[in-house]
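Written below as structure tokens is the structure these notes are about.
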Amino acid sequence: MKVRIKFAKYGVMKFIGHLDTMRFFQKAVRRAGIDVKYSEGFSPHQIMSFAAPLGVGIESLGEYMDLEVLSMSTPEDMRDALNRVMVDGVEVLAVTVLPDQTKNAMASVAAASYRLRMKEGSFPIHDLPEKISQFYAQAHIPYTKETKKSVVELDLKQGIYEISAQDGAIHMLVDASSGGNIKPTVVFEQFCAFAGCGIRVSDVQVTRLETYTDLSKEGEPRHLVPLLLQES
-3 MKVRIKFAKY GVMKFIGHLD TMRFFQKAVR RAGIDVKYSE GFSPHQIMSF AAPLGVGIES
57 LGEYMDLEVL SMSTPEDMRD ALNRVMVDGV EVLAVTVLPD QTKNAMASVA AASYRLRMKE
117 GSFPIHDLPE KISQFYAQAH IPYTKETKKS VVELDLKQGI YEISAQDGAI HMLVDASSGG
177 NIKPTVVFEQ FCAFAGCGIR VSDVQVTRLE TYTDLSKEGE PRHLVPLLLQ ES
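Put into structure tokens, the structure is as follows:
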């Protein structure tokens, strides 16, 4: 039986990297007494997979992991059992049972929404909503991505599905698929270059609000839904 677990990660736990988060949940599953399924072979491990890895320092209200179990009572009981062994900064928000044929969380990710706020005060940008609109109205948003092996010219506009300013924060919905994966910090840096604001990314708190899958068929408009609501 496969279950999908939605959890939040915040506070000091935002500084824990992806691999340590995986190890934390492996121990939490054992402590919570979950009847988890293990792989076969010489080095059995819990059959567990995470959706989109979260960058260090980024908070989230919409993280997901899939877990295979041999048995369970109810999703609510599993949520409560896990929360009893959680530390401050990690909270299991929901658990749902998935059809056996559902793609795993990582393969299902299509997009993610984020909120960006100044860690102290508010964005020192006059007419922030208007400047955001002007930034997004560009036909192209060029970005040069440098790796150890190559330099790639990209158009960020293709991967920014929505962006706006609300209540003193910047909200964006961006491509988070394995083939796209637009980082919100990169979008913010490009916006600041456009607006001439000179704000350091380290002064901004980024929060992932939700992670989505795309249920549309080929040729149809995007139909994004939270991973917890994914259909088979």
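The sequence shown: position 192 = 188 (my numbering), numbered continuously.
For each residue, glycine too, the CB sits at the ideal point set by N, CA and C.
Could you check how far apart the C-beta atoms of residue i and residue j are, in whole angstroms? I think they sit under 8 Å.
i	j	result
L57	T203	7 Å
V156	Y132	A small correction: the amino acid at residue 156 is Ile; Val does not occupy that position in the sequence shown. Right, the Cβ-Cβ distance comes to about 7 Å (below 8 Å), so this counts as a contact.
M74	D62	That belief does not hold up - the Cβ atoms of M74 and D62 are roughly 13 Å apart, past 8 Å.
L150	Q186	In fact, because the Cβ distance is near 10 Å, the residues do not count as touching under 8 Å.
With H, G and I counted as helix, E and B as strand and the rest as coil, what does DSSP make of residue i?
i	result
V197	helix
P222	strand
M68	coil
Y6	coil
P241	Given that the chain is displayed from residue -3 to residue 228, the structure contains no residue 241 and the question cannot be resolved.
F11	helix
F46	strand
E116	coil
R80	coil
A90	strand
Near residue i, what residues of its chain come up, given a Cβ to Cβ distance below 6 Å and the 5 sequence neighbours on each side ignored?
i	result
I195	C188
Y6	E55 and G85
M68	M74
State yes or no: is the C-beta of residue i within less than 7 Å of the C-beta of residue j?
i	j	result
E64	K(-2)	yes
A4	V81	no
S173	A103	no
Just how far apart, CA to CA, sit residue i and residue j?
i	j	result
V25	L78	7 Å
L66	P120	53 Å
S99	H219	According to the sequence displayed, residue 99 carries Lys and not Ser. Between K99 and H219, the C-alpha separation is close to 17 Å.
D96	G164	43 Å
T140	V182	10 Å
Excluding sequence positions up to five away, which residues of its chain have a Cβ less than 8 Å from the Cβ of residue i?
i	result
L224	R0, K2, Y60, A90 and T92
E116	D199
Could you pull out every residue in the same chain whose Cβ sits closer than 7 Å to the Cβ of residue i, ignoring the five residues on either side in sequence?
i	result
V254	Lying outside -3 to 228, the shown extent of the chain, residue 254 is not represented and no answer is given.
M114	D199 and V200
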